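Notes follow once the structure below has been shown.
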Amino acid sequence: QHCEAVELGAALEEGLSAHYAALKAGGITPDVTLPEQKIIRTLDRNHFSRILSNILGNAVKYSDGDLSVVLRENGEMVFSNAARDLTAVTAGKLFDRFFTVETGRGGAGLGLSIARLLTERMGGSISSEYRDGRLFIRLRFDQP
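If you want it as structure tokens, here you go:
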């Protein structure tokens, strides 16, 4: 694992840009909130890109047409979207290997379990919560 200084706001913007076509195809215009100051964490850039890709890919698949991305000053990233098909129970299983919200939609269900593995490998935490019809995924890396 090759760790380096990663500016989280810029990395988030890169990840969103990489998913622009898929987001647009899903009718999703992300609402992005970044703090004024730069937030730097020592991370494996490739792992971090993969984590973002898996979270954003999940949002494209399961969002009801919106996506909010907030980077807080403490370095916590919160991704949220309306998701009528979810329940608190299914939201809690999103990180389980092979779990998919709807088996009929296909996919191996590995995306978020891989995101959790890579996050924890870099000393971070990732969690999900379902509240008021919205799915919240929280990703956080504390300063080393």
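When you number the sequence shown by my numbering, it's gap-free, plus one each residue, and the end is 178.
Note that the Cβ used here is the ideal one computed from N, Cα and C, for glycine as well.
Small disclaimer: the values here were computed from a predicted structure and weren't measured.
Residue environment, residue i, which counts as buried when at least 16 other CB atoms sit within 10 Å
i	result
residue 93	buried
residue 51	exposed
residue 158	buried
residue 88	buried
residue 165	exposed
residue 36	exposed
residue 75	buried
Cβ shell of residue i (< 8 angstroms), same chain only, five flanking positions each side left out
i	result
residue 96	115, 117, 119, 120, 135, 169
residue 107	69, 71, 73
residue 84	148, 149, 152
Delimiting residues of the beta strand (DSSP E) encompassing residue i
i	result
residue 105	102-105
Sequence-distant residues of the same chain with beta carbon closer than 7 angstroms to residue i, five excluded per side
i	result
residue 100	62, 115, 116
Residue i Cβ short of 7 angstroms to the ligand MN heavy atom set
i	result
residue 117	As for the ligand MN, it is missing from this structure, which has no ligand bound.
Residue i - containing alpha helix (DSSP H), residue span
i	result
residue 76	From DSSP, residue 76 is part of no alpha helix (DSSP H) but of the beta strand (DSSP E) over 74-78.
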